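Visitor: Take 703 as the starting number for the sequence shown in the numbering used here and just add one per residue. Note that the Cβ used here is the ideal one computed from N, Cα and C, for glycine as well. Bear in mind the structure is a predicted one, so any value in this text is a computation, not a measurement. Below you'll find the structure I mean.
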Amino acid sequence: MQRRIVDHLREPRSSDLAPAPMRIPAASYTDPARFSAERQKIFGTEPLLVGFSSDLPSPGDRLTFDAAGPPVLVIRGQDNIVRAFLNICPHRGARLVEDCTPSRRITCPFHAWSFDLRGRLASQPQAIAFDGLDPDSLGLTLLPAEEWQGMIFVRAMPGDPIDAETFMGPMGPLLGALNLGELERVCSDTVILKSNWKIALDTFCETYHVPALHQETLAQNLIPYISIFDHYGQHHRYSGPGTDFTDLPEQSEATWPTDGYQAVHYIFPNTTFAYTHAFDGKTPVVSMFQIFPGEQVGECVTIGSTYRRRDSSNASNASDAQVTEMHQMVLDIVRNEDYRIAPQVWENLLNAPSDFQLIFGRTEALLHHYHRDLAQRVGMPLP
């Protein structure tokens, strides 16, 4: 990756490029039928990365996850296996878990039905009132889930088991080498946005906008208009040079740093995470953003989380307060810069001529790929 970036830095400066620009109809963002298909065929059936192993370090630990539509409960069992269930009591439909305090039982706040960590009915007040019902039929609704290479994948609707290794394909070894299971979540925030979810996601998947939109923030530390892209089936990675690359073209390769891996990783269909050093230039962090469609075609939900990562070659003693401050800085950039533009784009596309098309340039290669992949997945290929 360093060699590729340095080659681009040498005069004349260049970048990885798609073979040609791509046009995409505005309707691919605004069409309610396509939006409905995406919610059902992608967010209802595809494995979704919901977190990392460190989010559930011990038996009884749990997390709740509602952004994909159905309310989901993910929990680590006494046998150390991660399972997922609908966060719905089979008795009267109440939400089972409202906070993520660890416990050995899951107890409904409505009528105190209790379930073990495998989702089996454990107790009922006045159980005689339910004579004649098979207790085995009164357990929680199990959802497909798999923990793999430090990542936790869940499908939001019942169905076939998840094969995460097959789903990740050629990107699996790369992510396996990053020891994602050792990450420590420090903070997380949710942002509601009036925009189509793909408009929001587009901003996380290219660097072409950075010099203009982020000129007072991110652009201060990056060399503009240079990116490298790697495609791993329906998943992708991109990276660009920070200002620390400025002198590398004149230096011997033997003197280049060996501990500076930084890249943004896209996990189909909706997640990006930046494996990087925070704004102080030394604190190893992972900044993850998950973008979900809202209830309507012009609504979306973003979950932004920051994880501290271990880095033996660049150890950091940053406190939670320092990492939280970095998280807030990133979130402010997203809210005040990226998400200042996204609602404007949405409103413009709603009111554009019926034949209006957006243009993805050759430097926006990831957008070419993931829009085609999404369209293919819902059976509505782009022109």
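Can you tell me whether residue 716 is buried or exposed? The criterion is at least 16 other CB atoms within 10 Å of its CB, across all chains shown.
Guide: Exposed, since its Cβ has fewer than 16 Cβ neighbours within 10 Å.
Visitor: Look at the alpha carbon of residue 923 and the alpha carbon of residue 998, and state the distance between them as a whole number of angstroms.
Guide: Near 37 Å, if we compare the C-alpha coordinates of residue 998 and residue 923.
Visitor: Report buried or exposed for residue 851, applying the criterion of at least 16 other Cβ atoms within 10 angstroms of its Cβ.
Guide: buried
Visitor: Quick one: give me the first and last residue of the alpha helix (DSSP H) that residue 1052 is part of.
Guide: 1041-1052
Visitor: Taking the DSSP output, what are the residues bridged to residue 958?
Guide: In DSSP, residue 958 forms no bridge with anything.
Visitor: Report yes or no: do three or more beta-carbon pairs, one from the segment 745-752 and one from the segment 796-806, lie closer than 8 Å?
Guide: The way I'd put it, the segment 745-752 doesn't touch the segment 796-806; fewer than three beta-carbon pairs between them come closer than 8 Å.
Visitor: In whole angstroms, what separates the C-alpha of residue 1079 from that of residue 875?
Guide: 24 Å
Visitor: Residue 968 to residue 714, Cα distance in whole Å?
Guide: 29 Å
Visitor: Using a Cβ-Cβ cut-off of 6 Å (strictly less than) and excluding sequence neighbours within five positions of residue 848, which residues of its own chain qualify?
Guide: If we look at residue 848 and ignore the five residues flanking it on each side, its Cβ neighbours are 855, 864 and 866.
Visitor: Between residue 1027 and residue 838, what straight-line distance do the alpha-carbon atoms span, to the nearest angstrom?
Guide: If I take the Cα positions, the gap works out to 48 Å.
Visitor: The alpha helix (DSSP H) with residue 731 in it runs from where to where?
Guide: 729-732
Visitor: Thinking just about the alpha-carbon of each residue, which of 754, 950, 920 and 725 is nearest to the one in residue 1085?
Guide: Considering only alpha carbons, the answer is 725.
Visitor: So residue 856 is in the beta strand (DSSP E); what residue range does that whole segment cover?
Guide: 853-856
Visitor: Within a Cβ cutoff of 7 Å, which residues of the same chain sit near residue 731, ignoring the five residues on either side of it in sequence?
Guide: 898, 900, 901 and 1051
Visitor: With DSSP collapsed to three states, give me the class of residue 937.
Guide: strand
Visitor: In chain order, what residues of the same chain have a beta carbon less than 6 Å from the beta carbon of residue 1077, not counting five sequence neighbours either side?
Guide: 1083 and 1084
Visitor: First and last residue of the alpha helix (DSSP H) that includes residue 1072?
Guide: Where residue 1072 is concerned, the enclosing alpha helix (DSSP H) stretches over 1067-1079.
Visitor: Nearest-angstrom Cα distance between residue 743 and residue 733?
Guide: 15 Å
Visitor: Please confirm whether residue 843 and residue 1005 have their CB atoms less than 8 Å apart.
Guide: no
Visitor: Report the three-state DSSP secondary structure of residue 827 (helix, strand or coil).
Guide: coil
Visitor: Would you mind working out which of 771, 1039 and 935 sits nearest residue 1071, comparing C-alpha positions?
Guide: 935
Visitor: How about the segment 906-926 and the segment 942-951: do they share at least three Cβ pairs that are nearer than 8 Å?
Guide: yes
Visitor: Would the segment 1037-1049 count as touching the segment 910-917 if we require 3 or more Cβ pairs under 8 Å?
Guide: Enough Cβ pairs lie closer than 8 Å, so yes.
Visitor: Which one of 709, 809, 831 and 767 has the shortest CA to CA distance from residue 823?
Guide: 809
Visitor: Take residue 814 and list the residues in its own chain whose beta-carbon comes closer than 7 Å to its own, dropping the five residues that flank it on each side.
Guide: Residues of the same chain with a CB within less than 7 Å of the CB of residue 814, apart from the 5 flanking positions on each side, are 827 in chain order.
Visitor: Going residue by residue through the segment 974-1031, where are the continuous beta strand (DSSP E) segments of at least 3 residues, counting only ones entirely within it?
Guide: Runs of the beta strand (DSSP E) lying entirely within the segment 974-1031 and spanning at least 3 residues, in chain order: 986-995 and 1002-1010.
Visitor: Indicate the three-state DSSP secondary structure (helix, strand or coil) for residue 740 in the structure shown.
Guide: helix
Visitor: Put residue 799 into one of helix, strand or coil per three-state DSSP.
Guide: coil
Visitor: Given a threshold of 16 other Cβ atoms within 10 Å of its Cβ, counted over all protein chains shown, does residue 1053 qualify as buried or as exposed?
Guide: Exposed, by the Cβ-count rule.
Visitor: Please classify residue 835 as buried or exposed, where buried requires at least 16 neighbouring CB atoms within 10 angstroms.
Guide: exposed
Visitor: Starting from the C-beta of residue 778, find all residues in its chain whose C-beta is less than 6 Å away, skip the five residues before and the five after it, and write them out in chain order.
Guide: 758, 761, 763 and 784
Visitor: Would residue 858 and residue 840 be called neighbours here (beta carbons separated by less than 8 Å)?
Guide: No, the pair does not count as a contact, with Cβ atoms beyond the cut-off.
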